[in-house]
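In the numbering used here, the protein residues as written are 1148 to 1392.
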DNA sequence: CTAAATGTTAAGCC
DNA sequence: GGGCTTAACATTTA
């Protein structure tokens, strides 16, 4: 369950580990230097898009859940080994399963443009528009998955936002009127925060208007499903009310 | 049981 | 090198 809002929920769930000391770390990651974690204290916890960043004085652990990753607090899965498990000095544990976990030595500000993260209060709509304008030939469904433009946006957000702004997923970015691009950027942020609230309330899928749907809630037209773009990702759209530019 | 899915990267091939 | 396709990763759900 890994689009940006879900990672914000993850961060909130583990925020209480901030300042806590790790006695030991283990897991099945081949290239992870678990020993570096022994005796260290969590300095900070951040997110960037779909990345969870657990910060230590000298390095950062980056957790990306990819498609199937999950986590557990004080309640390990019985039939599965964690890729990373942290044992804290107060007896608590935090485990991550599957996904991609790496250690980062560079300062995070050198790696991340925080203004690209749709969940970040510093997200810049102006910069997003500039980046979109730099890729006029890209189809908009790819642009909405581009993590350098909309970090945290995933396939659900992509589909729902395009439906909201009535734009066909195959539209070329350069052909979409600027007012619609601006609206799309605004909706991406707005939907992401609604996603966050709905996900917390356990009602996310109830609010889907096109994603996995059969019928357009606006005009009753049949929803089309196609695999589009670089990643051949599922696109659900109403061919009647979403305009192709 | 099989296939597909909220994702990304690396390798292989023109 | 570029750009495209495929595999790999690993888990849950339909």
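All C-beta atoms, glycine included, are put in the ideal place defined by N, C-alpha and C.
Secondary structure within the segment 1155 to 1240: not one fully enclosed alpha helix (DSSP H) run of 4 or more consecutive residues is present. Beta-bridge partners assigned by DSSP to residue 1311: none are found.
The straight-line gap separating the alpha-carbon atoms of residue 1307 and residue 1161 is approximately 29 angstroms. At least 8 angstroms separates the beta-carbon of residue 1250 from that of residue 1195. Each residue's CA atom was taken as its position, placing residue 1334 and residue 1170 some 44 angstroms apart. By the criterion of at least three beta-carbon pairs nearer than 8 angstroms, the segment 1300 to 1319 is not in contact with the segment 1268 to 1278. If the five residues before and after residue 1285 are omitted, its C-beta is found closer than 6 angstroms to the C-beta atoms of 1320, all from its own chain and listed in chain order.
Closest by C-alpha distance to residue 1264, out of 1326, 1297, 1332 and 1348, is 1297. Between residue 1369 and residue 1384, the C-beta gap is not smaller than 8 angstroms, which leaves the two residues out of contact. By the neighbour-count definition (other C-beta atoms within 10 Å, threshold 16), residue 1362 is an exposed residue. By alpha-carbon distance to residue 1279, the top candidate from 1190, 1331, 1201 and 1224 is 1331. Under the DSSP definition of a beta bridge, residue 1264 partners with 1298. The closest CA to that of residue 1390, considering only 1288, 1231, 1228 and 1318, is found on 1318.
If you check the CB distance, residue 1227 and residue 1240 do not come in under 8 angstroms. Around the C-beta of residue 1220, fewer than 16 other C-beta atoms lie within 10 Å, and the residue is accordingly described as exposed. Nearest C-alpha to residue 1388 among 1338, 1269, 1356 and 1380: 1356.
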